[in-house]
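Chemist: Under this note's numbering, think of the first position of the sequence shown as 171, with each following residue one higher.
The C-beta atom is built at its ideal place from N, Cα and C for all residues, glycine as well.
Shown below is the structure under consideration.
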Amino acid sequence: RDRNGTYRWFKAHAIAERDETGAVTGWYGSTTDIDDLKRAERSLSESEQRLRLAQEIAGLGIAEWDLAANRAAWSPLFGQLFALGPEHVNEPGNEVMSRIGRMIPDDDRQRLEMAHAKILEKGGSMIDELRVRMPLGEVEWRHLRAEVYCGASGAAERMIVVARDITVADLGFGYAVGNRIRVVGSA
């Protein structure tokens with residue numbers, strides 16, 4: 171407890187000094203105040219919980235591609251949106267991205283690849299709507315936003331992709347399929 175009576179987190183480390191018979195003759199130790207660290211960890215954990223809830227409610231899947239290490243990681247929803255199962259977790263990032271690319275019809279894929287190459291070269295972001303052919307053959311629509319972050323050298327280091335299923339979005343007066351709006355009912 172501090173002088174105000176508030177409890178604080180401390181990390182303690184101690185080593186016993188022993189004589190030739192093994193009996194403890196003294197202790198050496200140190201304590202470190204880690205209260206700020208513990209408060210920051212708790213704040214981060216609470217923030218992550220809020221973010222997970224918001225992503226779930228909004229239907230957002232997120233993936234991150236470490237370009238230097240060629241590793242990709244994704245949220246469970248992103249995996250569902252692009253049919254990535256647990257067997258794909260250890261695949262190199264470029265193979266995962268190629269797997270996703272093969273699910274996209276040619277005209278959408280060409281547009282996506284051009285935008286992807288541009289942001290990998292210069293950094294920045296892209297937004298797109300595209301079709302995805304799922305494993306059972308059904309075609310669904312995805313809204314994507316990708317952001318590439320560059321290091322001090324200016325080279326692209328990582329890419330974060332946020333995706334959402336927009337196959338059918340209720341607009342109240344009709345529904346949107348992909349980037350087309352269809353009105354339902356009569357006036």
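Helix, strand or coil for glutamate 261? Go by DSSP, reduced to three states.
Modeler: Here glutamate 261 sits in coil by DSSP.
Chemist: If you draw a straight line from the alpha carbon of arginine 303 to that of aspartate 335, how long is it in whole angstroms?
Modeler: Rounded to whole angstroms, arginine 303 to aspartate 335 spans 13 Å at the Cα level.
Chemist: I'd like to know whether the C-beta atoms of arginine 269 and isoleucine 297 end up nearer to each other than 7 Å.
Modeler: Their beta carbons are not under 7 Å apart, which means arginine 269 does not touch isoleucine 297 by this criterion.
Chemist: In chain order, what are the residue ranges of uninterrupted beta strand (DSSP E) at least 3 long that sit wholly in the segment 204-259?
Modeler: Segments of the beta strand (DSSP E) lying fully in the segment 204-259: 230-236 and 241-244.
Chemist: Could you say if the segment 227-246 and the segment 323-338 meet the contact criterion of at least three C-beta pairs nearer than 8 Å?
Modeler: At 8 Å Cβ cutoff, the stretches touch.
Chemist: Can you tell me whether arginine 237 is buried or exposed? The criterion is at least 16 other CB atoms within 10 Å of its CB, across all chains shown.
Modeler: Reading the sequence as shown, one finds leucine at residue 237 and not arginine. So leucine 237 counts as buried.
Chemist: Among residues of its own chain, excluding the 5 on either side of valine 194, which ones have a beta-carbon nearer than 8 Å to its beta-carbon?
Modeler: Correct list, in chain order: Ala186, Glu187 and Arg188.
Chemist: With DSSP collapsed to three states, give me the class of leucine 300.
Modeler: Reduced to three states, the DSSP call for leucine 300 is strand.
Chemist: What would DSSP say about aspartate 189, mapped onto helix, strand or coil?
Modeler: Aspartate 189: coil per DSSP, three-state reduction.
Chemist: Do you know offhand how far alanine 239's Cα is from tyrosine 177's?
Modeler: The straight-line gap from Cα to Cα measures roughly 42 Å.
Chemist: Helix, strand or coil for valine 354? Go by DSSP, reduced to three states.
Modeler: At valine 354 the pLDDT is 40, less than 50, meaning the model places this residue with poor confidence; the figure from the coordinates comes in the next sentence. Reduced to three states, the DSSP call for valine 354 is coil.
Chemist: I need the boundaries of the alpha helix (DSSP H) containing alanine 285, first residue and last residue.
Modeler: Alanine 285 -> alpha helix (DSSP H) spans 276-292.
Chemist: Just to confirm the assignment, what range does the beta strand (DSSP E) spanning methionine 329 have?
Modeler: Note, methionine 329: beta strand (DSSP E), 326-335.
Chemist: If you measure between the beta carbons of arginine 312 and aspartate 278, is that distance less than 7 Å?
Modeler: Cβ atoms of arginine 312 and aspartate 278: not closer than 7 Å.
Chemist: Less than 7 Å between the beta carbons of valine 318 and alanine 326, yes or no?
Modeler: For valine 318 and alanine 326, yes; Cβs fall inside 7 Å.
Chemist: Less than 7 Å between the beta carbons of methionine 329 and tryptophan 235, yes or no?
Modeler: It is a contact, given that the beta carbons lie within the stated cut-off.
Chemist: Rounded to whole angstroms, what is the Cα-Cα separation between tryptophan 179 and arginine 220?
Modeler: Cα to Cα, tryptophan 179 sits roughly 25 Å from arginine 220.
Chemist: Sorted by chain position, which residues of the same chain lie with C-beta nearer than 6 Å to glycine 355's C-beta, five sequence neighbours on each side aside?
Modeler: Caution applies to glycine 355, whose pLDDT of 39 falls short of 50 and renders its modelled position unreliable; the value that the coordinates give is listed next. If we look at glycine 355 and ignore the five residues flanking it on each side, it has no Cβ neighbours.
Chemist: Go ahead and label histidine 183 buried or exposed: buried means 16 or more other beta carbons lie within 10 angstroms of its beta carbon, across all protein chains shown.
Modeler: Exposed is the call here.
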